[in-house]
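Engineer: Letter by letter, the sequence shown follows residues 6 to 296 in our numbering.
For every residue, glycine included, the Cβ atom is placed at its ideal position computed from N, Cα and C.
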Amino acid sequence: PKTVSTLCTSLVIIFVASQLVSSVSEPESLRWRIACGSVAAVSMFLIFGTLQFPDGLLVRPTPIFWRFIKGCSVLYLVLLVFLLFQDLDDVRRGLRYIDPNLGKPLPEKSYAQNCHSFSTLAGSMDVFVLAHFFGWLVKALIIRDARLLWILSVLFEWMEISLRHILPNFWECWWDHLILDVFGCNLLGMYLGLALCRRFQMKEYFWHDDDSLVSASCPQSSLPSPTSSSCRDAREEEIEPNVASNMPSSPSSCPENELRSRKRSASPVRSRRSGCRVVPGSLRQFAPYEW
6 PKTVSTLCTS LVIIFVASQL VSSVSEPESL RWRIACGSVA AVSMFLIFGT
56 LQFPDGLLVR PTPIFWRFIK GCSVLYLVLL VFLLFQDLDD VRRGLRYIDP
106 NLGKPLPEKS YAQNCHSFST LAGSMDVFVL AHFFGWLVKA LIIRDARLLW
156 ILSVLFEWME ISLRHILPNF WECWWDHLIL DVFGCNLLGM YLGLALCRRF
206 QMKEYFWHDD DSLVSASCPQ SSLPSPTSSS CRDAREEEIE PNVASNMPSS
256 PSSCPENELR SRKRSASPVR SRRSGCRVVP GSLRQFAPYE W
């Protein structure tokens with residue numbers, strides 16, 4: 006009922022909006038009608054995707070939000086495929102219909118001049134400082150591992166230094182790379198993101214593990230030999246419950262439970278993953294025998 010009512014309400018709203026927009030007959034309203042039609046088409050697709058797309062692995066704060074994000078990703082993919090078949094100059098001219106200020110060369114700002122002056126430090130405090138802070142805050146909410154976040158932060162700055170010959174905007178002073186980026190905005194964003202994960206008791210991810218995986222799905226061909234230590238440990242784990250079930254129960258135990266335990270011990274079921282290593286935390290949900 007909710008799906009049908011939501012779709013019907015959306016269709017009624019779009020129909021009324023289309024009648025109001027089509028009533029305008031001025032010549033300069035063509036761009037306005039195209040914009041309204043595009044917004045209505047995108048909105049209708051997002052509403053349908055939010056209601057009908059399957060749920061993914063992410064469920065917090067609500068699966069509806071992630072279905073909406075998935076719909077936006079599909080639209081972005083379709084747009085990229087469409088632009089792939091267009092000429093670059095035509096695409097740039099088309100973007101001018103969205104914003105007439107586009108198509109003009111932007112002034113280049115240098116961050117690597119006069120690194121010993123305080124005015125250079127004050128001039129470096131721009132929108133990229135907030136971009137670093139909030140970007141690493143979101144990365145911390147996604148990755149949730151301090152060690153991996155530090156590795157990515159250092160590698161990102163190394164990538165900027167390596168690509169300076171392609172993008173002159175990557176030329177920065179040494180204190181900009183270390184103090185403002187790695188040990189400044191990146192560190193604050195990572196700390197706040199991990200603090201939010203602990204505050205809301207979010208699941209912790211372990212991207213590093215000392216145990217080596219034999220296989221995520223543990224196929225039959227990768228099982229160890231019967232004389233290996235893992236097989237001996239698996240057999241010991243199976244024998245211990247059987248021995249415990251064969252021990253005499255207390256006089257106060259129920260006869261039905263005793264009979265049920267004897268049936269289990271008489272016909273033990275060997276686990277399909279008896280020889281598998283335990284999958285680390287971040288990959289546990291992808292192992293079919295750990296479901």
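Considering only residues of the same chain and omitting the five flanking positions on each side of residue 157, which have a CB-CB separation below 8 Å?
Structural biologist: Position 152 of the sequence shown, counting from 1, holds the residue named residue 157. So the qualifying residues of the chain are 144, 148.
Engineer: Taking 9 Å as the cut-off, decide whether the C-beta atoms of residue 176 and residue 117 are in contact.
Structural biologist: Looking up residue 176 in the sequence shown gives position 171. Looking up residue 117 in the sequence shown gives position 112. A distance below 9 Å separates the beta carbons of residue 176 and residue 117.
Engineer: With a CB to CB cut of under 7 Å and the five nearest residues on each side skipped, what residues in its chain are close to residue 88?
Structural biologist: Taking the sequence shown and counting its residues from 1, the one referred to as residue 88 is at position 83. Excluding sequence neighbours, residue 88 sits near 96.
Engineer: Per DSSP, which one or two residues make a beta bridge with residue 116?
Structural biologist: Within the sequence shown, residue 116 is the residue found at index 111, counting from 1. 177, per the DSSP bridge assignment.
Engineer: What does the alpha-carbon distance come out to for the pair residue 208 and residue 63?
Structural biologist: If you number the sequence shown from 1, residue 208 lands on position 203. If you number the sequence shown from 1, residue 63 lands on position 58. Rounded to the nearest angstrom, the two C-alpha atoms are 11 Å apart.
Engineer: Compare the Cα-Cα distances from residue 196 to each of 161, 84, 142, 184 and report the closest residue.
Structural biologist: Along the sequence shown, read from residue 1 onward, the residue named residue 196 stands at position 191. The shortest C-alpha separation from residue 196 is found at 142.
Engineer: Would you decide whether residue 99 is buried or exposed? Buried here means 16 or more other CB atoms lie within 10 Å of its CB.
Structural biologist: Here residue 99 corresponds to residue number 94 of the sequence shown, with the count starting at 1. Under this definition residue 99 is an exposed residue.
Engineer: Does the distance from the C-beta atom of residue 114 to that of residue 174 stay below 9 Å?
Structural biologist: Along the sequence shown, one-based indexing puts residue 114 at 109. Along the sequence shown, one-based indexing puts residue 174 at 169. Residue 174 is positioned such that its CB atom lies closer than 9 Å to that of residue 114.
Engineer: Buried or exposed, going by whether 16 or more other CB atoms sit within 10 Å of the CB of residue 108?
Structural biologist: Here the question's residue 108 lines up with position 103 in the sequence shown. Counting Cβ neighbours within 10 Å, residue 108 comes out exposed, since fewer than 16 surround it.
Engineer: If distances are taken between C-alpha atoms only, which option among 57, 205, 182, 80 comes closest to residue 72?
Structural biologist: Stepping through the sequence shown from its first residue, residue 72 is reached at position 67. With distances taken between Cα atoms, residue 72 lies closest to 57.
Engineer: Within its chain, find whatever has a CB closer than 6 Å to the CB of residue 194; leave out the 5 residues flanking it on each side and keep chain order.
Structural biologist: Counting from 1 along the sequence shown, the entry for residue 194 is found at position 189. 138, 141, 142, listed in sequence order.
Engineer: Starting from residue 75, follow the alpha helix (DSSP H) in both directions and report where the run begins and ends.
Structural biologist: As a working mapping, residue 75 is identified with position 70 in the sequence shown. First-last of the alpha helix (DSSP H) with residue 75: 68-89.
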